[in-house]
Amino acid sequence: MCSRCGGLLLAKAGQKTRTCPYCGSKVALDRAKKVASAENAYEASEILRKLKSDASARG
Numbered sequence: 034m035c036s037r038c039g040g041l042l043l044a045k046a047g048q049k050t051r052t053c054p055y056c057g058s059k060v061a062l063d064r065a066k067k068v069a070s071a072e073n074a075y076e077a078s079e080i081l082r083k084l085k086s087d088a089s090a091r092g
C-alpha cells in the first residue's frame, strides 16, 4: 500500500521498490503495509479487485 496516497500496489516477491501507479511516488516495499499475498498473478489480481471493491463500498 502506498504510504503517500493509500493506493494498492502489486509487487513480486523479492521486489525492493515500486512506483505507485496512482501518485507516482516511489515506495520502499520493505516499509510498505502488506495487506495480502498471493501464489500467482491471477490470484493477486482477484485479491486486488476485491480490496478495491471493498474500499469503494466503504466510500
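Using the working numbering, you'd call the opening residue of the sequence shown number 34 and step up by one each time. All C-beta atoms, glycine included, are put in the ideal place defined by N, C-alpha and C. Predicted, not measured: the structure shown is a model, and the values here were computed from it.
Given a cut-off of 9 Å, decide if residue j and residue i are closer than it, judged by their beta-carbon atoms.
{"i": "residue 58", "j": "residue 35", "result": "yes"}
{"i": "residue 53", "j": "residue 37", "result": "yes"}
For residue i, which of the options has the nearest alpha-carbon?
{"i": "residue 47", "options": "62, 39, 87", "result": "62"}
{"i": "residue 45", "options": "77, 84, 90, 88", "result": "77"}
For residue i, I'd like the list of residues in its chain whose CB is within less than 7 Å of its CB, leaving aside the five on either flank, ordered along the chain.
{"i": "residue 43", "result": "77, 81"}
{"i": "residue 51", "result": "42, 44, 60, 62"}
Quick test of your reading: residue i and residue j, contact by CB under 8 Å. State the CB separation rounded to the nearest angstrom.
{"i": "residue 60", "j": "residue 84", "result": "Actually they do not touch by this definition, with Cβ atoms about 16 Å apart."}
DSSP has residue i in a bridge; who is on the other side?
{"i": "residue 51", "result": "60"}
CB-CB under 8 Å to residue i, same chain, minus the five flanking residues each way: which ones, in chain order?
{"i": "residue 40", "result": "34, 53, 54, 55, 56"}
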